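Position one of the sequence shown corresponds to residue 20 (our numbering), numbered consecutively onward.
Notes to accompany the following structure.
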Amino acid sequence: MSTTVSRESDAAVVTEHFDVLIVGAGISGLGSAYHLQTQLPGRSFVVLEVQGGYGGTWRTHRYPGIRSDSDLYTFGYRFKPWVDEPIASAQKIQRYLGEVIDENDLARHIRYHHHIESASWSSEDNLWTVLATRTDSGDSALFTANFLWMCQGYYRHAEGYTPDWPGMDRFAGPIVHPQTWPEELDYRGRRVLVIGSGATAATLVPAIADDCAHVTMLQRSPTYFISRPNVNEVADMLRELDIPEEWIHEIARRKALHDLQVLNQICVDEPEFARDALIDAVRAELPPDFDVETHFTPHYRPWRQRLALLPDGDLFQGISSGKASVVTDEIETFTERGVLLKSGRELEADIIVTATGFNLSVLGDISFSIDDRPLNLADTITYRGMMFTGVPNLVWIFGYFRASWTLRADLVGDFVCRLLAHMDDVKATRVTARLRARDADSPVLSWLDPEDFNPGYMMRSMHLMPHRLNLPEWQHSQDYWTERTTLPEADLDDGCLIFE
Ligand SMILES: Cc1cc2nc3c(=O)[nH]c(=O)nc-3n(C[C@H](O)[C@H](O)[C@H](O)COP(=O)(O)OP(=O)(O)OC[C@H]3O[C@@H](n4cnc5c(N)ncnc54)[C@H](O)[C@@H]3O)c2cc1C
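Given below as structure tokens:
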């Protein structure tokens, strides 16, 4: 790291320089810091984070029951064994991330309370200049970096997505989004209406069911759920044999990946069979007279949206006990007492929770420019779902939808370290993705194929995302099982990346 002093307005601002600047101290940012430090020791780097601590998603979300919806043997890092139950609370994930920081002495590289406002690339200097505002003091902080490693996640942390329903201002009680759950909210003995049936609603409903007078999950259309005991029998058995945790992690991880691959394949090859099997499994967990056709029979193919996992079938237990119920209908308007549905039925509630998803945030809402020209990421084409045509020395981490996010964070971590080492080898200070002549005829497509995967938060904001070509080099693959071979073997000299 080196520092220079410059003047911004009238105040003297110290500019610090790092080889690599990592944005965000969530799972991706901490993993990237680990990979950089381990694989390329000696590089100077800093992690800038707007919040007052690490964890990203697992720090932001504080609603009751908040937990992962994929297993930690694959959602955990490749390099640090997970030693607990597979579906884990935010608190346990935070503890795990804290251990990663301590065991690798990463704390000295992380700066909290730094809200990055802008990032400008200069081709003359081959440098990024990053301007941050300190949320604790209001001061500006300036950084330069040779390489930007974007680990800012995919949604706006400050505020969740709530549709604009008519009459919302008429409702007498609180309307709460899970992403900004008020600590003081007292739902004990109250009637709670949760709008939505994604992973968040499915976590929240059973978590509060025992304490509420009643909780109703109101959904426009049903979601697929898989219920599993929250144990990993292979890991537990190996633990009884005193096998080292590193081995257990690797074996349990391979087993989880194998099972997930089989499930994926069945969903793709035999969607009707997969659909029937998923719905039959739900039926088996609910009372015999429960209307599964209306409430748990989705209208889409399995895995067009993320499959939500229910540890120990907790949602179904809540419904079976009568403490929770499901209504499938559409909202006509909010009323003073609750919501009036299109069917004419009124649902009364004391508290309404809008578990209606995220606002997509592309590159952390940072204002980017390349040589003084504003960057519109939607004008670019992605190189392997991590770099963008015409944007030098920048990689972002966007994980998998159908497998744990961290699997990709680890793979991209290896890729970036290989890329930086290659730049040294070829004495380049700049690497930019550029379409080859032979790529130019390929039709330009949207980031995601909506036939393949189409959750609301992505569909609402697809116009903000970069584009892709129907070629492996120029798209974000959702297939970990292919990428675990293709990314480590990707030829850096195949003409897609220009080294200067
Ligand atoms: C409730 C919930 C449950 C989930 N469960 C799973 C799961 O079980 N399995 C799975 O694979 N995925 C899950 N996901 C997706 C999840 O977001 C990712 O898996 C993972 O946590 C993302 O980590 P990340 O570090 O990439 O991003 P984030 O966790 O979003 O962290 C990004 C960090 O960057 C910071 N940041 C952003 N912009 C700026 C800026 N301009 N300046 C400074 N700092 C900035 C943010 O404050 C944040 O700390 C879940 C998501 C949610 C919301």
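C-beta: ideal position from N, C-alpha, C; glycine also.
Quick caveat, the model's predicted, so the values are computed rather than measured.
Work out the CA separation of residue j and residue i for me, nearest whole Å.
{"i": "THR269", "j": "PRO263", "result": "The sequence given here places Glu at residue 269; Thr does not occur at that position. Cα to Cα, GLU269 sits roughly 10 Å from PRO263."}
{"i": "VAL345", "j": "ALA303", "result": "17 Å"}
{"i": "LEU150", "j": "HIS441", "result": "28 Å"}
{"i": "SER156", "j": "ASN249", "result": "44 Å"}
{"i": "PHE387", "j": "HIS314", "result": "44 Å"}
{"i": "LEU490", "j": "ASP398", "result": "18 Å"}
{"i": "GLU289", "j": "VAL301", "result": "19 Å"}
{"i": "GLN113", "j": "TYR73", "result": "8 Å"}
{"i": "GLU312", "j": "ARG239", "result": "14 Å"}
{"i": "LEU328", "j": "ASP278", "result": "14 Å"}
{"i": "LEU426", "j": "ALA254", "result": "19 Å"}
{"i": "PRO307", "j": "ASP299", "result": "12 Å"}
{"i": "ARG62", "j": "LEU146", "result": "15 Å"}
{"i": "ASP29", "j": "LEU204", "result": "Because the pLDDT of ASP29 is 47, which lies under 50, any placement of that residue in the model is unreliable, and the question is left without a value."}
{"i": "ALA343", "j": "HIS318", "result": "23 Å"}
{"i": "SER496", "j": "ASP443", "result": "28 Å"}
{"i": "PHE166", "j": "GLU104", "result": "37 Å"}
{"i": "LYS446", "j": "TRP140", "result": "19 Å"}
{"i": "THR504", "j": "THR401", "result": "19 Å"}
{"i": "ARG323", "j": "GLU143", "result": "45 Å"}
{"i": "ARG356", "j": "PRO197", "result": "21 Å"}
{"i": "GLU122", "j": "HIS128", "result": "13 Å"}
{"i": "PRO185", "j": "GLU351", "result": "7 Å"}
{"i": "ARG81", "j": "TRP200", "result": "6 Å"}
{"i": "THR524", "j": "VAL211", "result": "Nothing can be reported for residue 524: it is not among the residues displayed for the chain, which extend from 20 to 519."}
{"i": "ASP295", "j": "PRO485", "result": "36 Å"}
{"i": "SER380", "j": "GLY172", "result": "8 Å"}
{"i": "GLY208", "j": "GLU252", "result": "37 Å"}
If you run the structure through DSSP and keep just helix, strand and coil, what is residue i?
{"i": "PHE98", "result": "coil"}
{"i": "LEU91", "result": "helix"}
{"i": "ASP29", "result": "Bear in mind that a pLDDT of 47 at ASP29, under 50, signals an unreliable position, so the number given afterwards is only what the model happens to contain. ASP29: coil per DSSP, three-state reduction."}
{"i": "MET484", "result": "coil"}
{"i": "VAL311", "result": "helix"}
{"i": "ARG302", "result": "helix"}
{"i": "LYS467", "result": "Correcting the residue type first, residue 467 is Leu in the shown sequence and not Lys. The answer is coil: DSSP assigns LEU467 none of H, G, I, E or B."}
{"i": "SER423", "result": "coil"}
{"i": "TRP415", "result": "strand"}
{"i": "HIS196", "result": "coil"}
{"i": "LEU116", "result": "helix"}
{"i": "ILE517", "result": "strand"}
{"i": "PHE434", "result": "helix"}
{"i": "GLY409", "result": "coil"}
{"i": "LEU359", "result": "strand"}
{"i": "PRO491", "result": "helix"}
{"i": "THR373", "result": "strand"}
{"i": "ALA296", "result": "helix"}
{"i": "PRO263", "result": "coil"}
{"i": "ASP183", "result": "coil"}
{"i": "PRO83", "result": "coil"}
{"i": "VAL450", "result": "strand"}
{"i": "ARG568", "result": "In this structure the chain extends from 20 to 519, so residue 568 is not present and cannot be described."}
{"i": "GLU289", "result": "coil"}
{"i": "LEU282", "result": "helix"}
{"i": "GLU35", "result": "strand"}
{"i": "LEU55", "result": "helix"}
{"i": "LEU511", "result": "coil"}
On the DSSP bridge list, what partners appear for residue i?
{"i": "THR154", "result": "DSSP output for THR154 lists no bridge partner at all."}
{"i": "ILE400", "result": "HIS486"}
{"i": "ILE129", "result": "VAL66"}
{"i": "ALA191", "result": "DSSP output for ALA191 lists no bridge partner at all."}
{"i": "GLU365", "result": "LEU359"}
{"i": "LEU40", "result": "VAL65 and LEU167"}
{"i": "SER108", "result": "ARG86"}
{"i": "SER386", "result": "SER137"}
What is the C-beta distance between residue i and residue j, in whole angstroms, given that I count them as a contact (C-beta under 8 Å)?
{"i": "LEU161", "j": "THR34", "result": "4 Å"}
{"i": "GLU349", "j": "LEU360", "result": "7 Å"}
{"i": "GLU68", "j": "HIS133", "result": "6 Å"}
{"i": "ILE214", "j": "LEU237", "result": "5 Å"}
{"i": "PRO507", "j": "ASP433", "result": "6 Å"}
{"i": "PRO321", "j": "TYR419", "result": "No, PRO321 and TYR419 are not in contact; Cβ-Cβ is about 16 Å, not under 8 Å."}
{"i": "ASN378", "j": "ARG175", "result": "4 Å"}
{"i": "THR408", "j": "ALA275", "result": "Wrong, their Cβ atoms sit about 35 Å apart, outside the cutoff."}
{"i": "VAL16", "j": "LEU223", "result": "No answer is possible for residue 16: it lies beyond the span of the chain, which begins at 20 and ends at 519."}
{"i": "GLY383", "j": "TYR180", "result": "Actually they do not touch by this definition, with Cβ atoms about 17 Å apart."}
Counting contacts by CB-CB distance shorter than 8 Å, is residue i in contact with chain D?
{"i": "GLN494", "result": "Considering every chain present, this structure includes no chain D. It has just one protein chain."}
Ranges of the beta strand (DSSP E) found wholly within the region 316-354, counting only runs of at least 3 | At a cut-off of 3 residues, the continuous stretches assigned as beta strand (DSSP E) that sit fully inside the region 316-354 are 327-330, 343-347 and 350-353.
List in chain order: all unbroken alpha helix (DSSP H) runs of 4+ residues lying wholly within the region 131-175.
-> none
Please go through the region 199-257 and give each complete alpha helix (DSSP H) segment of 4 or more residues, from N-terminal end onward.
-> 218-228
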